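Residue numbers (the numbering used here): 10 to 222.
In this text, a Cβ means the ideal position worked out from N, Cα and C, and glycines have one as well.
Keep in mind it's a predicted model, so treat the numbers as computed, not measured.
Comments concern the structure below.
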Amino acid sequence: MERRMLFSLIVLYSVLIKCFTVEIVEIHQLEKECYGSKNGFTLSGSPADHYKRLVEMYTGCTYVQGNLEITFLESKNYDLSFLSTIRVVTGYVLIALVYVNIIPLTSLKLIRGDTTYEYKGEQYSLFVAVNSPRQPTGAGLKELHLPQLAEISNGKVFFRANRELCFVNTILWSDIVDDKSMNSVTFKDGGYSKNCKPSVSQHLQREKMLEQQ
10 MERRMLFSLI
20 VLYSVLIKCF
30 TVEIVEIHQL
40 EKECYGSKNG
50 FTLSGSPADH
60 YKRLVEMYTG
70 CTYVQGNLEI
80 TFLESKNYDL
90 SFLSTIRVVT
100 GYVLIALVYV
110 NIIPLTSLKL
120 IRGDTTYEYK
130 GEQYSLFVAV
140 NSPRQPTGAG
150 LKELHLPQLA
160 EISNGKVFFR
170 ANRELCFVNT
180 ILWSDIVDDK
190 SMNSVTFKDG
200 GYSKNCKPSV
210 SQHLQREKML
220 EQQ
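As C-alpha cells, this is what we get:
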C-alpha cells in the first residue's frame with residue numbers, strides 16, 4: 010500500500026514538473042528581446058532608411074533592452090503596427106518628430122527607466138515632443154495608445170509641442186508614475202490638443218484601463 014502511494018506521488022510529481030517546464034518554455038518562446046537605441050534627436054541616414062531600421066529592430070519584439078526611440082517619421086503614411094508587441098522597455102521612451110496619426114503601443118505595460126532622457130537638468134522616462142509641424146496644417150501625431158501601461162518605475166513624463174495629440178491629458182498619470190514629486194508630469198507649450206472628439210479607439214483604451222483597475 011505504501012509503495013503504491015509512493016509510486017503515485019512520484020508519478021504526480023513528474024507530471025507537475027513536466028507541465029511547469031512546458032509552461033516556462035512556452036513563455037520563454039513568446040518573449041523576444043531586442044536592443045534599443047540612444048540617438049536622441051540625431052538622425053543617421055534618410056528618414057526612409059531610419060524607418061526601415063525601426064521595423065527591423067522592433068518587429069516581433071516584446072522586451073526592449075535599453076531605450077525605445079520613435080523619431081523622425083514626418084509622414085502620416087508610415088505603418089507603426091510593428092510596435093504593438095512591445096511589453097517592457099528597460100530604459101526611456103522618446104517620441105519626437107512623428108507625424109503619423111496613431112502610435113499603437115498597445116501592449117506596453119512597463120517603462121523601467123533604468124536610463125532616462127535628460128532635458129534641462131530633469132530626468133524623463135517618457136518624453137513626447139514636437140510631434141506636429143510648426144505651422145498648423147492639421148498634420149501631426151493624433152493618438153498615443155497606451156491602454157496597458159501600468160508603471161513607470163523611474164523618471165518623469167514630459168509632453169511639449171504636440172498640437173494635434175489627443176487624450177494624453179486624460180490618463181491617470183499619478184497611478185502610473187512612481188515619481189511623486191510636484192512636476193513628475195509636465196504638459197508644456199501645446200503639449201496636447203484641446204480640440205479632441207472621442208474616437209472608437211479612445212473608448213477601447215478607457216475600457217481596457219477600467220478592466221485593469
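{"Item": "Check each candidate in I104, M191, T80, K203 and name the one with the smallest Cα separation from T179.", "Value": "K203"}
{"Item": "By the DSSP assignment, the alpha helix (DSSP H) with A57 in it spans what residues?", "Value": "56-67"}
{"Item": "Starting from T125, trace the beta strand (DSSP E) in both directions and tell me its first and last residue.", "Value": "No beta strand (DSSP E) holds T125; DSSP gives it neither H nor E."}
{"Item": "Exposed or buried, what is P113 when buried is set at 16 or more other beta-carbons lying within 10 Å of its beta-carbon?", "Value": "buried"}
{"Item": "Look at L150 and L174 and say whether their C-beta atoms are less than 9 Å apart.", "Value": "yes"}
{"Item": "Rounded to a whole number of angstroms, what is the C-alpha to C-alpha distance between T125 and K47?", "Value": "10 Å"}
{"Item": "The beta strand (DSSP E) with E42 in it runs from where to where?", "Value": "42-44"}
{"Item": "Cβ atoms of L158 and I185: under 9 Å apart, would you say?", "Value": "yes"}
{"Item": "Which residues in the same chain have their Cβ closer than 7 Å to the Cβ of C205, if we skip the five residues on either side of it in sequence?", "Value": "C175, F176"}
{"Item": "Out of Q74, Y108, G100, state which residue places its alpha-carbon closest to the alpha-carbon of S162.", "Value": "G100"}
{"Item": "Does chain C have any CB closer than 9 Å to the CB of K129?", "Value": "Here chain C cannot be found, since the structure has a single protein chain."}
{"Item": "Out of I111, Q74, L39, G199, which one is the CA nearest neighbour of L119?", "Value": "Q74"}
{"Item": "In this structure, how does DSSP classify F168 when only helix, strand and coil are distinguished?", "Value": "strand"}
{"Item": "Determine the DSSP secondary structure at S93, reduced to helix, strand or coil.", "Value": "helix"}
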